[in-house]
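Structure record follows, encoded as structure tokens.
2 protein chains.
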Amino acid sequence: MTDTKTASKTDVIIIGAGPAGLMLALWLARLGVDARIVDKRTDKVPKVCFWNPDESGLIRRDNRVVNGRAGLSRFHEVVLHQGRAETFFLNAIRDSYGPTDGVGAATEKTATWLPQRRIAVERKVMPTFLSIDEQTAGDADAYPVTVKLRHLSEAEATPTQMLSNVQDGLFRSNLNPPDDSTITPRAAHDGAGPAAAEDEEVVQCKYVVGCDGAHSWTRKALGPEFDMVGEMTDYIWGVLDIIPITDFPDIRNRTMIHSATNGSLMVIPRENRLVRLYIQLTEVSVGSGRVDRSQIKPDMIIKAAKKIMSPYSIDYHYCDCRWTAYQIGQRVGNHFSKLNCVFLAGDAVHTHSPKAGQGMNVSMQDTYNLGWKLGLVCKGILRPSVLSTYELERKAIAKQLIAFDHRFSRLFSGRPAKDILDETGVSMDEFASAFRQSHMFTTAVGIRYQPSVLVAAPTDSSAGEMIGEDDVEAQENVLQSQAHSTSVLSTACIVGMRFPSHQVLRHADARPWQLHHKMPSDGRFRLVVFGGELSSASASPPKLDRVNKLGVWLAGTLLPQLPTMSPMPGTTNLHGGGRPGYGLQAQNPPSIIDILLVYAGASDEGGEVNSFSLLDLHEVYHPFDPKLGHDYDKVFVDRRSHHDGDGKAYENYGIDRTQGALVGVRPDGYVGLVTSLDESGWPEVSKWLEGILEPRANKGE
Amino acid sequence: MTDTKTASKTDVIIIGAGPAGLMLALWLARLGVDARIVDKRTDKVPKVCFWNPDESGLIRRDNRVVNGRAGLSRFHEVVLHQGRAETFFLNAIRDSYGPTDGVGAATEKTATWLPQRRIAVERKVMPTFLSIDEQTAGDADAYPVTVKLRHLSEAEATPTQMLSNVQDGLFRSNLNPPDDSTITPRAAHDGAGPAAAEDEEVVQCKYVVGCDGAHSWTRKALGPEFDMVGEMTDYIWGVLDIIPITDFPDIRNRTMIHSATNGSLMVIPRENRLVRLYIQLTEVSVGSGRVDRSQIKPDMIIKAAKKIMSPYSIDYHYCDCRWTAYQIGQRVGNHFSKLNCVFLAGDAVHTHSPKAGQGMNVSMQDTYNLGWKLGLVCKGILRPSVLSTYELERKAIAKQLIAFDHRFSRLFSGRPAKDILDETGVSMDEFASAFRQSHMFTTAVGIRYQPSVLVAAPTDSSAGEMIGEDDVEAQENVLQSQAHSTSVLSTACIVGMRFPSHQVLRHADARPWQLHHKMPSDGRFRLVVFGGELSSASASPPKLDRVNKLGVWLAGTLLPQLPTMSPMPGTTNLHGGGRPGYGLQAQNPPSIIDILLVYAGASDEGGEVNSFSLLDLHEVYHPFDPKLGHDYDKVFVDRRSHHDGDGKAYENYGIDRTQGALVGVRPDGYVGLVTSLDESGWPEVSKWLEGILEPRANKGE
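Taken in sequence, the protein lines are chains D and X.
Mapping to the UniProt record's numbering: the first sequence position 164 is 164, numbers consecutive.
Mapping to the UniProt record's numbering: the second sequence position 411 is 411, numbers consecutive.
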């Protein structure tokens with residue numbers, strides 16, 4: 001235990017180890033940043049499940065809608081338990097520091113890549129005090145935030161509900177009072193009195209991120225202007241995870257049942273034989289805004305389900321020990337950050353119903369957006385002003401989510417319309433139509449960030465619809481990029497949106513790869529050089545001049561001005577699949593810019609892929625390291641694969657095979673710049689990166 | 001330590017914990033059989049790598065061959081390190097007893113499924129004595145094999161080569177003397193004298209399987225008639241795993257280089273930046289059959305590589321600490337079993353060069369074939385006479401492997417022919433052609449087991465080429481099945497060959513599955529009911545009579561005669577993906593026969609999949625359990641999927657959409673019977689299973 005007189009230091013403190021906090025911790029672990037993540041609870045906390053729609057059909061009487069739009073992504077939607085998601089994160093954070101299976105790695109060699117301290121969740125640790133020194137808040141060398149952390153006993157860290165013998169599924173439901181409130185009084189009740197000084201430590205840090213849920217302590221500590229704005233509805237829903245015993249024919253499909261008078265029910269098939277039921281509890285009174293929680297038990301929830309599903313039967317033997325109930329409310333905070341020193345993410349800054357499966361998703365996306373920015377600022381690579389883009393980008397998404405949820409909750413919970421004249425009822429046609437339209441948002445593939453220092457606005461056109469664009473507030477404090485995009489060069493790489501993935505073949509071995517697999521989340525920006533047609537049977541020797549001229553400029557002018565990435569725990573530069581921690585060190589640290597060349601294979605070449613050798617290309621496309629040799633993993637060709645069909649990458653990216661394009665991609669995979677391959681485009685690349693990155697030889701290097 | 005006077009008992013002892021031994025242990029763990037697996041070495045043993053061809057092209061000067069035949073399998077070939085394969089096995093064996101991540105499972109409930117003892121590798125344990133009581137060898141209740149196991153000290157269990165400071169990559173190379181020989185003398189040298197009685201235990205068991213490698217102690221213990229037969233060649237090859245620093249253009253392709261006079265070299269790209277080089281060592285003398293091992297060091301091997309690859313350069317900074325050398329030899333044992341009590345598998349009974357990447361593969365296939373047979377006999381489900389099929393099936397494969405290897409080694413190691421008149425040289429055209437033809441064998445997709453009690457011979461035709469059929473010796477002691485197949489009913493399900501996998505949609509939720517995913521290795525036989533077209537827009541109500549009539553016979557007549565599967569550690573009947581150990585118990589144990597219905601969706605139905613409800617089908621196709629409800633995971637339809645294309649299963653299985661077929665599949669996924677869906681086929685199903693399985697109510701139940 002640290003003495004309160006002596007403050008320790010760390011770059012970042014993450015408060016709360018749910019999916020949002022763990023996503024952030026994973027970024028910082030990958031980037032080798034010194035950080036801590038604390039959670040006031042012990043490990044015993046029961047998990048609340050969230051869900052995503054799976055790939056089956058949405059079915060209601062006489063209507064069936066296919067779930068998901070074909071071709072939107074190569075991945076399908078799945079139902080994933082929050083506990084499993086958290087386990088993936090915990091494992092990935094651990095693996096960031098090197099392999100643990102002892103196979104294929106020289107473990108001892110990884111030691112020099114490690115930061116002083118590995119990030120691991122510190123449980124039973126609760127913040128009790130937070131203050132920001134506004135004088136030093138902009139200073140990259142300062143530690144302007146002071147946090148007091150209290151170390152709890154096992155009893156203090158165990159929720160009251162867990163201590164009783166009565167199973168109470170309402171723990172963490174929003175029908176409950178904030179669970180923080182149980183901690184201090186009980187400690188006092190134990191006779192320990194106010195927290196003893198030796199149970200507290202003081203930490204000075206650069207940044208604090210509150211990922212501490214709907215009852216966020218961090219948010220409250222920032223003052224009343226951080227309160228969330230919005231309302232609770234009168235709709236109460238119960239949730240039950242069971243192995244159903246039923247004759248209802250569509251129990252393994254995602255099914256929405258609107259009964260005439262008993263309320264609505266949603267069936268979400270889960271893994272194995274489990275099914276999640278969302279059941280509207282019409283018999284629970286919401287009276288004066290306070291719900292009588294004592295009414296809500298599994299027996300009462302299944303009874304409501306039986307009424308709604310009649311004349312079919314439904315019962316269960318196995319319950320997954322997970323049931324809860326909640327009151328639908330939609331609220332969002334006005335501020336996502338204070339002085340760009342303290343940030344709020346996930347439920348701490350926006351809450352809504354879980355109906356669209358966006359709770360865990362949007363929370364993780366918040367910190368996926370914030371993590372690389374914070375990490376690269378801590379490493380002295382990114383300009384601190386870029387941190388303003390977090391609120392700009394994520395508040396707009398939160399508002400879109402609330403609007404989406406508001407519309408959907410009404411459709412889910414409302415009484416079905418009796419006929420076309422029944423104006424207060426919900427039209428079942430409108431419901432099915434809204435569901436169909438929702439996929440771009442629920443998959444997050446459709447979200448678009450507005451122009452900023454990270455996203456160079458197109459000069460030629462707006463190039464694509466921005467979803468919910470009218471919700472976006474003007475953010476005067478966020479710098480605009482000096483660079484400009486030319487959106488016509490790639491009709492599918494849209495600035496502010498996710499860079500799409502298509503199959504290409506690796507030049508060195510003709511093996512097919514999804515281009516995303518070559519763009520791991522390692523904190524690097526990427527310049528994807530769509531070099532056009534480099535080789536053809538009619539052109540001998542192949543026309544390599546254009547990409548090689550660009551190579552000379554990249555290697556000779558651009559890269560020497562930009563920072564490099566070391567030190568990092570795992571250097572994805574060393575291995576194909578992006579698995580961190582392989583442990584072999586390159587002699588030279590990688591640049592912050594990863595350059596990938598994707599050329600168009602001429603269609604008249606038949607089976608031959610390599611009509612020129614990799615070494616005919618400028619070295620910037622196959623970086624040579626004295627210890628590791630050439631990098632064979634940076635040049636790809638768009639052509640048909642022997643085993644795996646044709647990715648048609650140029651066609652799918654909307655890029656002309658003769659003209660080509662340069663696409664700048666942010667570390668989170670969003671398109672930041674689209675410009676020309678030729679000299680006219682080069683200054684745009686420089687301007688874009690200069691607005692974002694600190695110059696080389698800064699103090700962080 | 002067990003006293004030598006008191007023998008303990010176990011059903012199976014596996015000697016050797018390499019891939020073959022671990023594959024066997026995994027089967028027995030999954031089936032809940034009481035077994036032990038011992039290995040004389042500690043965990044520190046360096047791993048020898050084996051390889052499979054990957055999906056890139058085989059390249060030699062002016063010639064390029066695509067590696068692998070498109071469409072043969074939905075999987076690609078990969079290069080996989082033996083150490084990683086062993087790690088997968090160790091994890092899978094552990095997971096057989098229930099989940100370890102604590103997520104989504106009620107762990108405490110799994111307890112009743114566990115056998116008394118979990119299988120885990122016992123290291124530093126060496127067999128010293130083995131005898132079979134021939135009187136009781138056929139008695140299922142007896143423990144006819146006596147084994148003495150000696151528990152070694154850490155020093156004894158560490159190979160001499162590991163104790164010295166000189167790195168010696170020849171450990172476990174076949175250029176070395178047997179490494180067993182170092183153990184006993186050193187123990188005596190330590191002053192401990194002969195093994196003390198308290199270091200030994202005596203175990204009585206039903207079966208022993210020797211998976212203890214080329215110098216197999218088990219094989220020697222069985223006597224000289226078990227010696228392997230065959231020869232060593234004059235070819236010496238070195239193996240080196242490095243990150244190459246080279247200007248050779250095809251270093252990331254699987255490349256074969258025949259130099260004019262300096263020998264041959266093969267490039268096998270591995271994971272990350274690693275490359276494996278197989279290098280012919282022409283300067284090592286083989287003189288009087290003994291190789292001068294002291295000549296062979298990494299420097300010498302890379303020097304040989306430089307000569308062969310000239311004028312290109314090759315060097316390295318990182319070596320994967322794995323190098324070795326071996327002399328090519330091809331030998332196979334005459335007997336794979338003694339009295340069906342003691343079995344030999346893998347290198348213990350066949351050795352060959354690693355050139356075709358078949359060393360680890362064929363060894364694992366041996367025990368994949370033996371494991372379920374042994375496990376089900378121990379559980380009283382399978383007739384013990386079925387054990388004779390192990391030698392019948394696997395000896396034929398071993399002989400094919402030796403013949404294949406003999407041909408390939410000559411092609412790899414021989415001097416290239418100067419011209420067409422150079423008869424002692426190797427024709428490069430012949431080499432490329434042989435490589436192309438080898439895929440059916442190296443992928444194991446093409447292997448075919450001959451008729452036996454497990455494989456009901458077709459009466460109508462031979463239905464397909466049997467590879468190496470003329471190598472198969474008549475095995476008089478193996479029973480032939482009383483049942484007969486009608487091969488014309490399915491032109492792609494060929495008896496004795498692997499049941500192929502194609503995509504079908506699950507009736508309950510229209511989700512696409514590869515049919516193999518519904519056929520996990522859980523020890524159960526499968527009856528795949530290709531029920532033909534059950535529904536069509538023109539037939540109302542749908543024509544379910546045929547499959548429901550079969551259902552009545554299956555549920556009323558066949559299944560009650562056959563054994564059930566419990567107890568097992570994980571019951572794959574409970575969950576979709578075959579993941580063992582979910583921990584929820586069905587009230588009723590599953591039958592030894594798993595019934596899957598695959599019907600043909602009528603082509604005129606448009607987007608509708610389910611024109612009838614699952615509950616319209618006989619219950620045998622959706623087994624009902626009072627605790628778990630209906631099983632929604634047994635009925636599938638052949639039709640186009642919304643997201644994932646059209647599996648065209650009936651077309652690909654070569655089954656008529658009107659006629660249908662019944663296909664019986666062994667627990668290892670091989671086709672055992674093809675017969676008619678109608679009454680004429682039912683007696684064949686009965687006869688096939690009666691020849692293999694003990695009747696119900698046997699002592700094992």
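C-beta: ideal position from N, C-alpha, C; glycine also.
Quick caveat: nothing in here was measured; it's all calculated off a predicted structure.
Short CB-CB distance (under 9 Å) between residue i and chain X
i, result
"residue 446 (chain D)", "no"
"residue 626 (chain D)", "yes"
"residue 352 (chain D)", "no"
"residue 589 (chain D)", "no"
"residue 278 (chain D)", "no"
"residue 249 (chain D)", "yes"
"residue 18 (chain D)", "no"
"residue 302 (chain D)", "no"
Per-residue DSSP class, three states only, for residue i
i, result
"residue 259 (chain D)", "coil"
"residue 646 (chain X)", "strand"
"residue 141 (chain D)", "coil"
"residue 554 (chain X)", "helix"
"residue 493 (chain D)", "coil"
"residue 224 (chain D)", "helix"
"residue 624 (chain X)", "strand"
"residue 681 (chain D)", "helix"
"residue 301 (chain X)", "helix"
"residue 418 (chain D)", "coil"
"residue 659 (chain D)", "coil"
"residue 375 (chain X)", "helix"
"residue 128 (chain D)", "strand"
Neighbourhood of residue i by C-beta distance below 7 Å, restricted to the same chain and skipping five residues each side
i, result
"residue 553 (chain X)", "682"
"residue 620 (chain D)", "551, 554, 555 and 595"
"residue 644 (chain X)", "503 and 512"
Interface flag, residue i vs chain D, CB-CB below 9 Å
i, result
"residue 246 (chain X)", "yes"
"residue 559 (chain X)", "no"
"residue 615 (chain X)", "yes"
"residue 703 (chain X)", "Absent from the model: residue 703 (chain X). The displayed extent of chain X is 1 to 701, so no value can be given."
"residue 243 (chain X)", "yes"
"residue 318 (chain X)", "yes"
Spatial neighbours of residue i in its chain, beta-carbon cut-off 6 Å, leaving aside the 5 residues before and after
i, result
"residue 281 (chain X)", "236, 238 and 304"
"residue 755 (chain X)", "Not covered by the structure: residue 755 (chain X). The range shown for chain X is 1 to 701."
N-terminal and C-terminal residue of the beta strand (DSSP E) that residue i is part of
i, result
"residue 36 (chain X)", "35-39"
"residue 266 (chain X)", "264-269"
Terminal residues of the alpha helix (DSSP H) in which residue i lies
i, result
"residue 712 (chain D)", "The requested residue 712 (chain D) does not occur in the structure, where chain D is confined to residues 1 to 701."
Taking one C-beta from the stretch 209-217 of chain D and one from the stretch 342-353 of chain D each time, how about it: are there three or more such pairs within less than 8 Å?
-> yes
At least three beta-carbon pairs within less than 8 Å, the stretch 296-303 of chain D to the stretch 250-265 of chain D = no
contact_flag[the stretch 620-636 of chain X, the stretch 503-523 of chain X] where n(CB pairs < 8 Å) is 3 or more | yes
Three or more beta-carbon pairs under 8 Å between the stretch 666-678 of chain X and the stretch 525-535 of chain X, yes or no?
-> When C-beta atoms of the stretch 666-678 of chain X are compared with those of the stretch 525-535 of chain X, three or more pairs fall below 8 Å, so the two segments count as touching.
Taking contact to mean at least 3 C-beta pairs separated by less than 8 Å, is the stretch 119-131 of chain X in contact with the stretch 32-42 of chain X?
-> yes
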